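In my numbering, each residue carries its 1-based index in the sequence shown increased by 583.
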Amino acid sequence: MRVPIIAGNWKMNKTAAETAAFLGELAPKLAPFTGTERVVCPPFIGLPAAAAALAGSDIKIGAQNVSEHEKGAYTSQVSAAMLEGLVEYVIIGHSECREYLGETDAVINRKIKAALAHGLKPIFAMGENLAVNEAGQTLAFVGGQVRAGLADITAEQMQNIVVAYEPIWAIGTGKSANAQFANEITGGIRGVIESLYGATTADGVRIQYGGSVKPSNMAEYMSQEHIDGALVGGASLVVDDFVSLVQAAQETKGA
Ligand code: 13P
């Protein structure tokens, strides 16, 4: 059985002080939902504050990116070694990083390897833009991102990777993907993973949907066979909304 995983990607929101205050309020409200895995991903600068605020809680912390390099002259970058011990997860391949930071599939593949080498669990994100979607090429496109991002990754390593399908046209737009369509694509992604690693590994991999997930649509996504959780932007910045998302995950598929 796949334990649902709901991750809040805060993007460039909340100072360290705001992080501490927000998590002080969120943590007790999320505590009852032990049948789900709950993750918050603040900006790098807020990670120590998050760790302090969540000490003794079972809420996990993720980073929003990581360098592909081990260390050295890479101004502004943060390495996997620096994140080790501070976070359990790291988002890799978010469309905003692909677009604004020029991250290619090859870079993302190297970042996944760097993260795994330091015991971090990648939340490997991918998704198509509107033109690809309207051309009916979503699965072909996303399948290519999956294969490229997972090049040389073993079946054993795959057990520590969460996949996040986030159609770009649905991110921050309020225009969420139809749940059946999202199930079709996440099921297709699982099929690609099966072709690479076999059915047992594919059955165990958790696949999130992301893109305008909110309390009003979460249960419908979570009722889909292949959707095991959500990667959430805007709604994860509001305590009661995030709690509602986790509650919906618990009620539909909670362990
Ligand atoms: P929204 O939930 O704000 O649409 O953002 C989705 C996202 O990009 C999460 O990584």
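All residues carry an ideal CB built from backbone N, CA and C; glycine is no exception. Just so you know, these numbers come straight off a predicted model, no measurement behind them.
Run through DSSP, which three-state label would Ile754 get? Here residue 754 corresponds to residue number 171 of the sequence shown, with the count starting at 1. In the three-state DSSP reduction, Ile754 falls in the coil class, being neither helix nor strand.
Quick check: Gly732 and Ile695, are their CB atoms within less than 8 angstroms of each other? Here residue 732 is taken as the residue at index 149 of the sequence shown, counted from 1. Here residue 695 is taken as the residue at index 112 of the sequence shown, counted from 1. In contact: Gly732 and Ile695 (Cβ atoms closer than 8 angstroms).
Determine the direct distance from the alpha carbon of Pro611 to that of Ile768, and round the result to whole angstroms. As a working mapping, residue 768 is identified with position 185 in the sequence shown. As a working mapping, residue 611 is identified with position 28 in the sequence shown. If you take the alpha carbons of Ile768 and Pro611, they lie about 35 angstroms apart.
Quick check on the burial criterion: 16 or more other C-beta atoms within 10 angstroms. Buried or exposed for Tyr683? By one-based count along the sequence shown, residue 683 stands at place 100. An exposed status is given to Tyr683, since fewer than 16 other beta-carbon atoms sit within 10 Å of its beta-carbon.
For the 8 angstroms Cβ check, are there 3 or more pairs between the stretch 713-720 and the stretch 620-639? The stretch 713-720 makes no contact with the stretch 620-639, as fewer than three CB pairs between them are under 8 angstroms.
Using 8 angstroms as the threshold, is the C-beta distance between Ile675 and Phe707 below it? As a first step, residue 675 is located in the sequence shown; it is residue number 92 there, counting from the start. As a first step, residue 707 is located in the sequence shown; it is residue number 124 there, counting from the start. Going by beta carbons, Ile675 and Phe707 fall inside the 8 angstroms limit.
By the 10 Å Cβ neighbour count, where 16 or more other Cβ atoms means buried, how is Asp735 classified, buried or exposed? Counting from one through the sequence shown, the residue named residue 735 turns up at place 152. The residue is exposed, with fewer than 16 neighbouring Cβ atoms inside 10 Å.
Residues that DSSP places opposite Val815 in a beta bridge: Reading the sequence shown from its first residue, position 232 is the one you call residue 815. Beta-bridge pairing links Val815 to Gly591.
Can you tell me which of the three DSSP states Tyr657 falls into? Working through the sequence shown from its first residue, we reach residue 657 at position 74. The answer is coil: DSSP assigns Tyr657 none of H, G, I, E or B.
Met801: which of Glu808, Glu679 and Ala813 sits nearest, CA to CA? Stepping through the sequence shown from its first residue, residue 801 is reached at position 218. That would be Ala813, whose Cα lies nearest to the Cα of Met801.
Under 8 angstroms, with one C-beta from each stretch per pair, do the stretch 777-785 and the stretch 737-746 reach the 3-pair mark? The answer is yes - the stretch 737-746 touches the stretch 777-785, with three or more Cβ pairs under 8 angstroms.
With respect to 7 angstroms, is the separation between the Cβ of Ala599 and the closest non-hydrogen atom of the ligand 13P below this value? Translated into positions along the sequence shown, residue 599 becomes position 16. Checking every heavy atom of the ligand 13P against the Cβ of Ala599, none is found closer than 7 angstroms.
Please classify Glu808: does DSSP put it in a helix, a strand, or coil? Taking the first residue of the sequence shown as position 1, residue 808 is located at position 225. In this structure, Glu808 counts as coil in the three-state DSSP scheme.
Would Ala765 and Gln807 be called neighbours here (beta carbons separated by less than 8 angstroms)? Mapped onto the sequence shown, residue 765 falls at position 182. Mapped onto the sequence shown, residue 807 falls at position 224. Yes, the Cβ-Cβ distance between Ala765 and Gln807 is below 8 angstroms.
Are the beta-carbon atoms of Gly774 and Gly618 separated by less than 8 angstroms? If you number the sequence shown from 1, residue 774 lands on position 191. If you number the sequence shown from 1, residue 618 lands on position 35. The answer is no: Cβ separation not under 8 angstroms.
Taking Arg693 as part of the alpha helix (DSSP H), name the residues at either end of that continuous run. For the purposes of this step, residue 693 is identified with residue 110 of the sequence shown, where counting begins at 1. DSSP places Arg693 in the uninterrupted alpha helix (DSSP H) bounded by Asp688 to Ala700.
Determine the direct distance from the alpha carbon of Ile691 to that of Gly685, and round the result to whole angstroms. To locate residue 685, count along the sequence shown from 1; it is residue 102. To locate residue 691, count along the sequence shown from 1; it is residue 108. One C-alpha to the other measures close to 10 angstroms.
Starting from Val741, trace the alpha helix (DSSP H) both ways and give me its first and last residue. Counting from 1 along the sequence shown, the entry for residue 741 is found at position 158. In the sequence on display, residue 741 carries Met and not Val. Segment Ala738 to Met741, the alpha helix (DSSP H) holding Met741.
Nearest to Asp811 (by Cα), restricted to the options Glu803, Val822 and Gly817: For the purposes of this step, residue 811 is taken as residue 228 along the sequence shown, with counting starting at 1. Comparing Cα positions, the closest option is Glu803.
Which same chain residues end up closer than 6 angstroms to Ser819 when comparing Cβ atoms and leaving out the 5 residues on each side of it in sequence? Stepping through the sequence shown from its first residue, residue 819 is reached at position 236. Gly591 and Phe825, listed in sequence order.
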